[in-house]
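A.B. asks: If you scroll down you'll find the structure; I have some questions about it.
Dropping the structure here:
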């Protein structure tokens, strides 16, 4: 495009751009641009997660291997730690405080060990979830991947650790007279439901811990309170028989107690159906679906904020 000036010179000017006058939003839409690190839709996010399934499994296995790599006993600590905790609880609660009331010794010891192992599964998943983002900022900032992969892989790591420990749990049960039977098959759905519940909790705590690092210091106190309220060391209905019935009902319906009681029912011969609250399987499934789906959506909503600031 040319113009003639008053002194007779010809000046060539640039052609107007077809993008002149367009806003940044309109330009992005015109050229198919998207915000870097923007949160994808929920369906697309699930698809991306499925595409990273091999990474999630490999990452959890690597973390499990490295967890005790500096200890001389190595992976044996996966079993030794909850067993030592169970021994301490047995000495204090079983022998000194008489928390085994109403239960013979051959029932109480596997009852206690099962409770410690099952609650440790949830406790470890929660604590790992708190640090899933804040403790892996280098990875989060360096690579683009669905951030939910991290808390899910940590929950999977704790599941693998529990499966390794189940060998010892089976030995304890058999050693005190609870031999394999059809009810042991119930262990599989119990573990599936508890894993879904734990994964949802890990996702919730990962989002909360990503912005509040001090949460990692607070959670041990919260988990210890939850443990004492869940009947790890005692039978809730028996211990609270002199208190208002609704207190025992509330404590029995909390998810940690539900999954422990289902595992005890499946594993221990002397722990019958009368020890379970009504509709226990429906409650266990409800807790698992509510926390797993709710936790996933809650975590996904802050996807674009992880690792920033």
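Numbering (my numbering), first residue to last: 4 to 312. Glycine is no exception: its CB is placed at the ideal position from the N, C-alpha and C atoms. Bear in mind the structure is a predicted one, so any value in this text is a computation, not a measurement.
Whether or not the segment 124 to 135 and the segment 207 to 214 are in contact is what I'm after, with contact meaning three or more pairs of Cβ atoms, one per stretch, closer than 8 Å; do they touch?
C.D. replies: yes
A.B. asks: Please go through the segment 250 to 294 and give each complete alpha helix (DSSP H) segment of 4 or more residues, from N-terminal end onward.
C.D. replies: 258 to 270
A.B. asks: Does the distance from the C-beta atom of residue 202 to that of residue 83 stay below 9 Å?
C.D. replies: Here residue 202 refers to the residue found at position 199 when the chain shown is read from its first residue. Here residue 83 refers to the residue found at position 80 when the chain shown is read from its first residue. Contact flag unset, no.
A.B. asks: For residue 227, does the three-state DSSP call read helix, strand or coil?
C.D. replies: As a working note, residue 227 is residue 224 in the chain shown. Looking at residue 227 - three-state DSSP - the assignment turns out to be helix.
A.B. asks: Tell me whether the beta-carbon of residue 154 lies closer than 9 Å to the beta-carbon of residue 52.
C.D. replies: Within the chain shown, residue 154 is the residue found at index 151, counting from 1. Within the chain shown, residue 52 is the residue found at index 49, counting from 1. Contact: no.
A.B. asks: Would you identify the three-state DSSP class for residue 310, choosing helix, strand or coil?
C.D. replies: Along the chain shown, read from residue 1 onward, the residue named residue 310 stands at position 307. The answer is coil: DSSP assigns residue 310 none of H, G, I, E or B.
A.B. asks: Is it the case that the segment 136 to 152 contacts the segment 166 to 179, given that we only count it when at least three CB pairs across the two stretches are under 8 Å?
C.D. replies: no
A.B. asks: Of the residues 214, 96 and 236, which one's Cα is nearest the Cα of residue 309?
C.D. replies: Translated into positions along the chain shown, residue 309 becomes position 306. Residue 214 is the option with its Cα nearest to residue 309.
A.B. asks: Just to confirm the assignment, what range does the alpha helix (DSSP H) spanning residue 3 have?
C.D. replies: Look at the range of the chain in this structure, 4 to 312, and you will see that residue 3 is not part of it.
A.B. asks: From residue 230 to residue 266, what does the alpha carbon distance come to, in whole angstroms?
C.D. replies: In the chain shown, counting from the first residue as 1, residue 230 sits at position 227. In the chain shown, counting from the first residue as 1, residue 266 sits at position 263. So the alpha carbons of these two residues sit roughly 16 Å apart.
A.B. asks: If you compare alpha carbons, which of 125, 55 and 67 is closest to residue 262?
C.D. replies: Locating residue 262 in the chain shown gives position 259, counting from the first residue. Answer by Cα proximity: 125.
A.B. asks: Going by other Cβ atoms of all chains shown within 10 Å of its Cβ, with 16 needed for buried, is residue 91 buried or exposed?
C.D. replies: To locate residue 91, count along the chain shown from 1; it is residue 88. Looking at its Cβ environment, which holds fewer than 16 other Cβ atoms inside 10 Å, residue 91 is exposed.
A.B. asks: Quick one: residues in its chain with C-beta nearer than 8 Å to the C-beta of residue 278, no 5 flanking neighbours on either side, listed in chain order?
C.D. replies: Stepping through the chain shown from its first residue, residue 278 is reached at position 275. 238, 240, 264, 267 and 268, listed in sequence order.
A.B. asks: Report the rounded CA-to-CA distance for residue 121 versus residue 289, giving the unit in angstroms.
C.D. replies: The residue labelled residue 121 in the question sits at position 118 within the chain shown. The residue labelled residue 289 in the question sits at position 286 within the chain shown. The straight-line gap from Cα to Cα measures roughly 18 Å.
A.B. asks: Identify, in the order they occur along the chain, each residue of the same chain with its Cβ nearer than 7 Å to the Cβ of residue 272, setting aside the five sequence neighbours on each side.
C.D. replies: One-based indexing of the chain shown puts residue 272 at position 269. Counting only Cβ-Cβ distances below 7 Å, and skipping sequence neighbours, we find 180 and 181.
A.B. asks: Does the beta-carbon distance from residue 212 to residue 204 come in below 9 Å?
C.D. replies: Reading the chain shown from its first residue, position 209 is the one you call residue 212. Reading the chain shown from its first residue, position 201 is the one you call residue 204. The answer is no: Cβ separation not under 9 Å.
A.B. asks: Do you know how far the Cα of residue 165 is from the Cα of residue 305?
C.D. replies: For the purposes of this step, residue 305 is taken as residue 302 along the chain shown, with counting starting at 1. For the purposes of this step, residue 165 is taken as residue 162 along the chain shown, with counting starting at 1. If you take the alpha carbons of residue 305 and residue 165, they lie about 30 Å apart.
A.B. asks: According to DSSP, is residue 297 helix, strand or coil?
C.D. replies: By 1-based counting over the chain shown, the position of residue 297 is 294. For residue 297, the three-state secondary structure derived from DSSP is helix.
A.B. asks: What number of angstroms, rounded off, separates the C-alpha of residue 199 from the C-alpha of residue 291?
C.D. replies: For this step, residue 199 is matched to residue 196 along the chain shown. For this step, residue 291 is matched to residue 288 along the chain shown. C-alpha separation (whole angstroms): 5 Å.
A.B. asks: Considering residue 69, what are the terminal residues of the alpha helix (DSSP H) in which it resides?
C.D. replies: Walking along the chain shown from the start, residue 69 turns up at place 66. Its alpha helix (DSSP H) spans residues 56 to 70.
A.B. asks: Taking the continuous alpha helix (DSSP H) assigned at residue 214, which residues delimit it?
C.D. replies: Locating residue 214 in the chain shown gives position 211, where the first residue counts as 1. Its alpha helix (DSSP H) spans residues 190 to 214.
A.B. asks: Run the CB neighbour count on residue 300, radius 10 Å, all protein chains shown included, and call it buried at 16 or more, exposed below.
C.D. replies: Here residue 300 refers to the residue found at position 297 when the chain shown is read from its first residue. Residue 300 should be labelled exposed.
A.B. asks: Just reading off the alpha helix (DSSP H) that residue 177 is part of, what are its end residues?
C.D. replies: By 1-based counting over the chain shown, the position of residue 177 is 174. Run containing residue 177: 152 to 178, per the alpha helix (DSSP H) assignment.
A.B. asks: Are the CB atoms of residue 106 and residue 93 within a distance shorter than 9 Å?
C.D. replies: By 1-based counting over the chain shown, the position of residue 93 is 90. By 1-based counting over the chain shown, the position of residue 106 is 103. Not closer than 9 Å, so no.
A.B. asks: Quick one: what does DSSP say residue 5 is sitting in, helix, strand or coil?
C.D. replies: Taking the first residue of the chain shown as 1, we reach residue 5 at position 2. For residue 5, the pLDDT reaches just 49, beneath the cut-off of 50, and the residue's location in the model is therefore unreliable, although a value from the coordinates is still provided. In the structure shown, residue 5 sits in a strand (DSSP, three-state: E or B).
A.B. asks: Tell me the residue span of the alpha helix (DSSP H) that contains residue 235.
C.D. replies: Mapped onto the chain shown, residue 235 falls at position 232. Run containing residue 235: none; DSSP gives neither H nor E here.
A.B. asks: In three-state DSSP terms, what is residue 302?
C.D. replies: Indexing the chain shown from 1 puts residue 302 at position 299. Helix.
A.B. asks: Which same chain residues end up closer than 8 Å to residue 189 when comparing Cβ atoms and leaving out the 5 residues on each side of it in sequence?
C.D. replies: Locating residue 189 in the chain shown gives position 186, counting from the first residue. Here the set comprises 265, 268 and 269.
A.B. asks: My output table needs one value for residue 243: the three-state DSSP class, helix, strand or coil.
C.D. replies: On the chain shown, position 240 is the one that residue 243 refers to. It is coil, neither helix nor strand.
A.B. asks: According to the Cβ coordinates, are residue 89 and residue 49 closer than 9 Å?
C.D. replies: Numbered from 1 along the chain shown, position 86 holds the residue referred to as residue 89. Numbered from 1 along the chain shown, position 46 holds the residue referred to as residue 49. No, the Cβ-Cβ distance between residue 89 and residue 49 is not below 9 Å.
A.B. asks: In this structure, does DSSP put residue 184 in helix, strand or coil?
C.D. replies: Within the chain shown, the letter at position 181 stands for residue 184. Looking at residue 184 - three-state DSSP - the assignment turns out to be coil, as it is neither helix nor strand.
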